[in-house]
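Report on the structure given below.
There are 2 protein chains.
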Amino acid sequence: MDATTRPPGRPRQFEIDDALDKAIVVFSERGYYAASISELKEAMGLTAGSLYKAFKDKKAIFLAAFDRYKQVRNALLNQEIGAGCDGRDKVFRMLRFYAEASHGESGRRGCLVVGTAIELAVYDAEAAERVGRSMARSEALFDRLIREGQADGSITKTIDAGATARLMLSVTQGLRVLGKTGPDRDRAFAVIDTAIKLLD
Amino acid sequence: MDATTRPPGRPRQFEIDDALDKAIVVFSERGYYAASISELKEAMGLTAGSLYKAFKDKKAIFLAAFDRYKQVRNALLNQEIGAGCDGRDKVFRMLRFYAEASHGESGRRGCLVVGTAIELAVYDAEAAERVGRSMARSEALFDRLIREGQADGSITKTIDAGATARLMLSVTQGLRVLGKTGPDRDRAFAVIDTAIKLLD
DNA sequence: GGAATTGGAGAACGTTCGTTTCCAAATATG
DNA sequence: CATATTTGGAAACGAACGTTCTCCAATTCC
Chain A
1 MDATTRPPGR
11 PRQFEIDDAL
21 DKAIVVFSER
31 GYYAASISEL
41 KEAMGLTAGS
51 LYKAFKDKKA
61 IFLAAFDRYK
71 QVRNALLNQE
81 IGAGCDGRDK
91 VFRMLRFYAE
101 ASHGESGRRG
111 CLVVGTAIEL
121 AVYDAEAAER
131 VGRSMARSEA
141 LFDRLIREGQ
151 ADGSITKTID
161 AGATARLMLS
171 VTQGLRVLGK
181 TGPDRDRAFA
191 VIDTAIKLLD
Chain B
1 MDATTRPPGR
11 PRQFEIDDAL
21 DKAIVVFSER
31 GYYAASISEL
41 KEAMGLTAGS
51 LYKAFKDKKA
61 IFLAAFDRYK
71 QVRNALLNQE
81 IGAGCDGRDK
91 VFRMLRFYAE
101 ASHGESGRRG
111 CLVVGTAIEL
121 AVYDAEAAER
131 VGRSMARSEA
141 LFDRLIREGQ
151 ADGSITKTID
161 AGATARLMLS
171 VTQGLRVLGK
181 TGPDRDRAFA
191 VIDTAIKLLD
C-alpha cells in the first residue's frame, strides 16, 4: 500500500475529517433525527451525491462523526491529563476538562456521546456499543487515575477507587445534561470542586 | 364554574391522563422526533382525529406528556422524601429514588426531562423553560434537605449546601444518562452510596 | 324533538425526509 | 489518445411525516 499512489477516478475535492467536523456541530446541537440531510449538506458544504458516495447512509455519517468526535476529544483529554503532576491533579484536570465543555456555547452544543445515549442507544445496537465503550473507557480512566493518586499519596487510600470512579463519571455526564440549558461556568466548577473533596 | 356540569356535545370517550401515560412511555424511550404520530396513536389507542381534537399539534402532546410526567414523578418523590426521618435520610431517599429509576427497564426507558434537555431545549423556548424549572426545583429541593440535615445534626455543617446540592443534581442526571445503556442496579447504588459520603 | 356541538374513524392532504439516478468533470491506466 | 473509474452537482424518487378534512354517531341545550 503506497501512500503516495492515488486511486483511479476523479479525486475527492474535500477532506473527510473537515466535513465530519462540521457534521459533529450539527449532530451535537440538533441531535440525530432533527439534523436533516439538507442541514448536513449545507454545513458540510457538499451535495447529496458527494455525501452518499462518501457515506452509505445517514447513520453512517453519524457514526463516522461520532468516531471522529471521540478521537478528537480523547486526544485533547489525554493531553490535558498528561500535564498533571500527580494522580489527584490528573483527576482534577479530567473533571475540569468536562466542566469546561459543559457551559457556554459548547455546553449548549452538547456532547455527542450523551446525545447518542439518549436518542439512539436503546434501539440501535451499533450506537449502544459505541456509547457503552466510551463510558467504560472514561470510567476505567478515572479508576486508573484514582489508583495512581492513591499510590503516589495524593489521594487517600480509604476510598473505593471503583465506586468513586463511577461517581465521577456520573458527575461528568450529568454536567453535560445541565449544560444544555446553560448553568454558568462558576456553577459547573463548583460541582467539580465539591466532587474532588471525595479524594481527601 | 360548576364541576358537575358537562360541556355541550358528545363527551370524550377516553381519559386524557391515561392517554398521556401511554404517550410518556413512547416519548421517553423513543424521544420526541423518533416518536411518530402513528406510534403515539397506537400506544394511546386513539385515531388521528381524536388526537388532534384533544391537542393542537405534536408538540402540544409532548408538552402535556411532560407536565403529566413531572406531576406523577414529583408526587412519588415527595411521598418518598416524606418518609425520611431526618435531613440526611431524606437526601438519601431522594438519591435512591433516582438510582431506582436509572437501571433496568425504567433506566432504558429514560427520563423525559433529560431527553427534553438533549433533544429540544436548545431550539425550543417552551421546552427549555420546562427543563430549566425542573432542574432548578430539584436543585432547590436538595439544597433544602441538606440544610435541614445540617439543622438537625445528621449532616455536617462544614459543607457548602448549595454546591453540594448542585453536585447531587449532576449525579442524578448523570445516572439517568448511564441508565440508558444499562449499568446494573448495584452500580447505580454504589454511586449514590459514594455521593452520600460528602454529607459526613 | 330539533338544533348545535363534539368525538371517532379513516381517507386524503401537502411537505419534507432520506436516497437514487443521471450526466459532466476529473484522474489513472494502457 | 482511449478507456475505466470515481467524484460533483442537480434533479427526481418513493416513503413517511404531521396535519386536515369528511362523514357519521353520540350527547347536550333549548
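Sequence lines, in order, name chains A and B. For the first sequence, the numbering used here begins at 1 and goes up steadily by one. For the second sequence, the numbering used here begins at 1 and goes up steadily by one. By construction, the Cβ of each residue, glycine as well, lies at the ideal position given by its N, Cα and C atoms.
Subject >> Interface flag, Glu126(A) vs chain B, CB-CB below 8 Å >> reply: In the first sequence, residue 126(A) corresponds to position 126, counting from 1. No, its Cβ sits nowhere closer than 8 Å to a Cβ of chain B.
Original post:
At a Cβ threshold of 8 Å, is Leu167(A) touching chain B?
Top reply: Here residue 167(A) refers to the residue found at position 167 when the first sequence is read from its first residue. Yes, contact with chain B.
**OP:** Measure the alpha-carbon distance for Ala136(A) versus Tyr69(A) and round it to whole angstroms.
**Re:** In the first sequence, the residue the question calls residue 136(A) occupies position 136. In the first sequence, the residue the question calls residue 69(A) occupies position 69. Taking the straight line from one Cα to the other gives about 17 Å.
**OP:** Return helix, strand or coil for Glu15(B), following the three-state DSSP convention.
**Re:** Taking the first residue of the second sequence as 1, we reach residue 15(B) at position 15. Here Glu15(B) sits in coil by DSSP.
Subject >> 8 Å Cβ cutoff, Ala94(A) in contact with chain B >> reply: Along the first sequence, one-based indexing puts residue 94(A) at 94. The amino acid at residue 94(A) is misidentified as Ala; the sequence shows Met. Met94(A) does not count as touching chain B.
**OP:** Go ahead and pull the three-state DSSP assignment for Gly104(A).
**Re:** Locating residue 104(A) in the first sequence gives position 104, counting from the first residue. In the structure shown, Gly104(A) adopts helical secondary structure according to DSSP, grouped into three states.
Original post:
chain B beta carbons: is any one of them nearer than 8 Å to that of Ser138(A)?
Top reply: Translated into positions along the first sequence, residue 138(A) becomes position 138. Not closer than 8 Å to any Cβ of chain B, the Cβ of Ser138(A) fails to qualify, so no.
Original post:
Along chain B, which residues have their Cβ under 9 Å away from the Cβ of Thr172(A)?
Top reply: Start at 1 with the first residue of the first sequence, and residue 172(A) comes out as number 172. In chain order: Ser170, Gly174.
Subject >> Rounded straight-line distance, which links the Cα of Asp18(B) to that of Ala195(A) >> reply: Residue mapping note: residue 195(A) aligns to position 195 of the first sequence, counting from 1. Residue mapping note: residue 18(B) aligns to position 18 of the second sequence, counting from 1. Ala195(A) and Asp18(B): Cα-Cα distance of roughly 41 Å.
Original post:
Of the residues Gly87(B), Leu63(B), Leu141(B), Glu148(B), which one's Cα is nearest the Cα of Leu77(B)?
Top reply: The residue labelled residue 77(B) in the question sits at position 77 within the second sequence. Closest by C-alpha distance to Leu77(B), out of Gly87(B), Leu63(B), Leu141(B), Glu148(B), is Leu141(B).
Original post:
Expressed to the nearest angstrom, what Euclidean distance is found between the alpha-carbon atoms of Gln13(A) and Leu51(A)?
Top reply: Looking up residue 13(A) in the first sequence gives position 13. Looking up residue 51(A) in the first sequence gives position 51. Approximately 12 Å, taken between the alpha carbons.
**OP:** Using a cut-off of 8 Å between C-beta atoms, extract the partners of Asp193(B) located in chain A.
**Re:** Taking the second sequence and counting its residues from 1, the one referred to as residue 193(B) is at position 193. By Cβ distance, chain A contributes Ala163.
**OP:** Could I get the ranges of all uninterrupted alpha helix (DSSP H) runs contained in the region 19–46 of chain A, with 4 residues as the minimum, in chain order?
**Re:** 37–44
Subject >> Within 8 Å of chain A by C-beta, residues of the region 129–158 of chain B in sequence order >> reply: Val131, Gly132, Met135
Original post:
With 8 Å set as the bound, which would you pick, yes or no: does the beta-carbon of Ile118(A) sit closer than that to a beta-carbon of chain B?
Top reply: Within the first sequence, residue 118(A) is the residue found at index 118, counting from 1. Cβ-Cβ to chain B under 8 Å: yes for Ile118(A).
**OP:** Kindly indicate the opening and closing residues of the alpha helix (DSSP H) around Ile81(B).
**Re:** The residue given as residue 81(B) occupies position 81 in the second sequence. 58–82 is the span of the alpha helix (DSSP H), which, as asked, contains Ile81(B).
**OP:** Determine the direct distance from the alpha carbon of Val114(B) to that of Leu199(A), and round the result to whole angstroms.
**Re:** Here residue 199(A) refers to the residue found at position 199 of the first sequence. Here residue 114(B) refers to the residue found at position 114 of the second sequence. Those two C-alpha atoms are separated by around 28 Å.
Original post:
So, Ile159(B) versus Ile118(A), is the Cβ gap smaller than 8 Å?
Top reply: By one-based count along the second sequence, residue 159(B) stands at place 159. By one-based count along the first sequence, residue 118(A) stands at place 118. In this structure, Ile118(A) does not lie closer than 8 Å to Ile159(B) by Cβ.
Subject >> Best match in Ala43(B), Ser36(B), Thr116(B) for proximity to Val25(B) [C-alpha to C-alpha] >> reply: In the second sequence, the residue the question calls residue 25(B) occupies position 25. Nearest of Ala43(B), Ser36(B), Thr116(B) to Val25(B), Cα basis: Ala43(B).
Original post:
Helix, strand or coil: which one does DSSP assign to Ala180(A)?
Top reply: Numbered from 1 along the first sequence, position 180 holds the residue referred to as residue 180(A). Before going on, a small fix: residue 180(A) reads as Lys here, not Ala. It is helical.
Original post:
Can you tell me where the alpha helix (DSSP H) with Gly115(A) in it begins and where it stops?
Top reply: In the first sequence, residue 115(A) corresponds to position 115, counting from 1. Counted as a single uninterrupted DSSP element, the alpha helix (DSSP H) harbouring Gly115(A) occupies residues 112–119.
Original post:
Between the C-alpha atoms of Ala128(B) and Gly107(A), what's the straight-line distance to the nearest angstrom?
Top reply: For the purposes of this step, residue 128(B) is identified with residue 128 of the second sequence, where counting begins at 1. For the purposes of this step, residue 107(A) is identified with residue 107 of the first sequence, where counting begins at 1. Straight-line Cα distance between these residues: approximately 14 Å.
Original post:
At a cut of 8 Å, does the region 92–101 of chain B reach the region 94–109 of chain A through at least three beta carbon pairs?
Top reply: no
**OP:** Within the same chain, show all residues whose beta-carbon is closer than 6 Å to that of Gln150(B), passing over the 5 residues directly before and after it, in chain order.
**Re:** The count along the second sequence starts at 1 and reaches residue 150(B) at position 150. Taken in chain order, the residues that qualify are Lys157.
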